[in-house]
Each structure stands twice: as C-alpha cells, then as structure tokens.
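Novice: Residue numbers (full-length UniProt numbering), protein chains in the order written: chain A, 1 to 232; chain B, 1 to 83.
Please read through the structure below; I'll follow up with questions.
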Amino acid sequence: MIRRFAVFLLLLGLGAIFADLLLGYTPSEELNLTARYYAEHTAQDLGAANIVTAIVVTYRGLDTLGEVTVLFLTATIIGMVLARGRKHRALQRQLPAAGELLTTGSRLLVPLILLLGVYVFVNGHLTPGGGFQGGAIVASAALLLLLTDPLKRFSHRLIAVMEAVSGLFFIGLGVLGLVYAGGFLDSRVLPNGAFGTLFSAGVMPIIYSFIGLKVGAEFTSMLTHLAETEQS
Amino acid sequence: MNTVLLSIGVLLAVAMIGVAWLTIRATRIATAMLAAGLVSLFASVLFLFLAAPDVAMTEAAIGSGLTTFLFFFVLGRVRGGQS
C-alpha cells in the first residue's frame, strides 16, 4: 500500500514537472547566440552542408573523441566480462535452423544494409546522419548475419585491426589539424572544396568515415562476443 | 508550428503511449519486443517532424533496429538452451 502510494506520488511529481515545462514553453522566434554563430559561419568557414556534422566533428571534435573513447571502453569491458564465461569447446549444441524466409531475406538485405551504412557515414557532411548512425547500421547488418546463422564467426583480428587503425587515423588527422590548420581536429587540413559536393568540407568526411568504421567495429565486436558466449 | 504538424505530433505521442502500454501488458514475449521497437520507431518519426533528422536516424538505427534485433537474438539463444 505504501509502495503504491510512493509510486503515485512520484508519478504526480514527474507530471507536475513536465506540466510546468509544457505550460512555460514559448517557441523562440530566432536562434540564440551560439546557434546563430554556427548557422552563419559553418558554410563559409568549413564548407559543410550539414551543420550538425560540422559541430560534431570540428567545432566540438574533442567531445566526439570522448564519446568514441567511452564506446571503446564499453566494448572492451563487455568483451572482458563475456570472455571470462566462455568455454572453449569445438562442438556446440545443436540450434534449430533459421527459417527459409530469414535466410533468403538476409542474403538480399545484408549487402543493401551495409551499403546504406557506408553511404550514411561517407555523406555525413552533406545529409543527416554520420559516423555513429552509419556504424550502427553496419553493425545491424552483422547482427542480421548472426541471427541467420548463430554459429557464424567473424574474425576478431580483423575487427580489432579495423578499430585500431580507424582510431589511429582519427587522432592522426586531428594532430595534422594542429600542425597545418587552426587547432586539434580542425577540418581545414584539406581545402574546403565546392560546397555540397562529396569531396568538400576538408577532412570532415574522412574523419567521419573513420568514426563510422570504428563504431561499426565496436558494435560488431560486442555482438560477436555475445554470440560466442555459452550460457552456463 | 502549424496545425497539421501539431496534430501529427500529438497522434504520434498518443500512439507511442499506447504501444508502450502494449509492451508492458503483452503476454507473448515476441509481441512485447516488437512493441518496444515500435515505440522507438514512432519516436524517430516524431523527431523527424520536429526537424531533427540526425537524432531521428540514431533513434531508428539503435532504438528500433539494433535493440530489437538484439532482443530477438538473445531470445533465440535462450530458447535454444531450454530445449
């Protein structure tokens, strides 16, 4: 009874907070100071059509580096925890075979999903999305493969090398910005190029492609670790 | 924000609450998983209408794509272990 009352009180409090927010909301007519700076200067300074990408990769590049580090640590810890429970047995128990629909469908869909993921992170500076979204889409293709054949094994070495190399290139391009442009992770190492084309916005598409590969590799490594764990 | 956008937004919000209720109340576990994915999908459409395509993409890829797949994958593993 007391527990129910507490839950009710909690819901009431939350409701009051949100109602207050909703009633006090007035849509702002113009951008605030920071937003206006980004909206006005992104196109001419960095040459990126997608302002969000310009903020994520260049203006706030250091934050993105932190996010990538957090994701890397998460993948590492998951791998460490799950590797402990793994038993080295050559033959695993028999699993029911995947249905015909799933097998055929995944054969058709996996290349398309991979292509979409690569498209999303290569065009991150032009269209919505970028490294994180594209990486997640690439990893979902790997998950679809695992769903079709739970005993399928990806090469851990390949995933680890891909992740390490992308991370190194990400940092390396950032250091190049320190040497040849305005600061760490400055995208103007390469010329800005024609606005709105694939090869524009300096090194932004290159950095975001490496982020995409890295995120995809990290998600895939988490999934493969999960797939290889035997329940005890 | 004009009236059409507002009504679509309210409709999506109501649908999200309805599907979330279904997620809690569903008796079959597969239904609950699909409903949870549907909540994310509605949320991502809502983000799209609120002019945040980048966030919508993340929500669609992680929330409704990867998570739903992962739930079904783990469900398959658990069922395989039981039989």
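Think of the CB as a built atom: it goes at the ideal place given N, C-alpha and C, for glycine as much as any other residue.
Any C-beta of chain B sitting closer than 7 Å to the C-beta of A/Val-138?
Specialist: It does not; no Cβ of chain B falls within 7 Å.
Novice: Should A/Gly-79 and A/His-225 be called a contact, given that it needs their Cβ atoms to be closer than 7 Å?
Specialist: Going by C-beta atoms, A/Gly-79 is nearer than 7 Å to A/His-225.
Novice: Let me make sure I understand the geometry here. Which of A/Thr-53, A/Phe-170, A/Leu-21 and A/Arg-107 has the alpha-carbon closest to that of A/Leu-145?
Specialist: Per the Cα distances, A/Arg-107.
Novice: What residues from chain B crowd round A/Gly-129, counting only those whose CB sits closer than 7 Å?
Specialist: The answer, in chain order, is Asp-54 and Met-57.
Novice: With 7 Å set as the bound, which would you pick, yes or no: does the beta-carbon of B/Ala-26 sit closer than that to a beta-carbon of chain A?
Specialist: No, because no Cβ of chain A sits closer than 7 Å to the Cβ of B/Ala-26.
Novice: With a threshold of 16 other CB atoms inside 10 Å of the CB of A/Ser-28, please say whether the residue is buried or exposed.
Specialist: The residue is exposed, with fewer than 16 neighbouring Cβ atoms inside 10 Å.
Novice: Between the C-alpha atoms of residue 241 of chain A and A/Val-56, what's the straight-line distance to the nearest angstrom?
Specialist: Only positions 1 to 232 of chain A appear in the structure, and residue 241 of chain A is not among them; the question remains open.
Novice: Quick one: what does DSSP say A/Leu-91 is sitting in, helix, strand or coil?
Specialist: The pLDDT assigned to A/Leu-91 is 48, lower than 50, so where the model puts this residue is not dependable, and the model offers no usable value.
Novice: If you follow the alpha helix (DSSP H) that A/Phe-154 is in, where does it begin and where does it stop?
Specialist: From DSSP, A/Phe-154 is part of no alpha helix (DSSP H); its letter is neither H nor E.
Novice: If you drop the 5 nearest sequence neighbours on each side, which residues of the same chain put their C-beta closer than 7 Å to that of A/Ile-2?
Specialist: Nothing meets the Cβ criterion.
Novice: What residues in the UniProt domain "MrpA C-terminal/MbhE" (3 to 86) of chain A bring their beta carbon closer than 9 Å to a beta carbon of chain B?
Specialist: Going along the UniProt domain "MrpA C-terminal/MbhE" (3 to 86) of chain A in chain order, one finds Pro-27, Asn-50, Val-52, Thr-53 and Val-56 with a Cβ nearer than 9 Å to chain B.
Novice: What does the Cβ neighbour count give for B/Ile-17, buried or exposed, with the cut at 16 atoms within 10 Å?
Specialist: Per the 10 Å Cβ criterion, exposed.
Novice: Can you tell me which of A/Ala-142, A/Ile-51, A/Asp-45 and A/Val-138 puts its alpha carbon nearest to the alpha carbon of A/Leu-115?
Specialist: The option with the nearest alpha carbon to A/Leu-115 is A/Val-138.
Novice: Does the CB of B/Gly-63 have a neighbour CB from chain A at under 7 Å?
Specialist: Output row for B/Gly-63: interface = no.
Novice: In angstroms, rounded to a whole number, what distance separates the CA positions of A/Ile-171 and B/Val-10?
Specialist: Answer to the nearest angstrom: the Cα atoms are 44 Å apart.
Novice: Hey, out of A/Thr-58, A/Leu-22 and A/Glu-40, whose CA is closest to A/Gly-183's CA?
Specialist: Closest option to A/Gly-183, Cα to Cα, is A/Thr-58.
Novice: What are the residues of the segment 38 to 50 of chain B that lie near chain A, defined by any Cβ-Cβ distance shorter than 7 Å?
Specialist: The residues in question: there are none.
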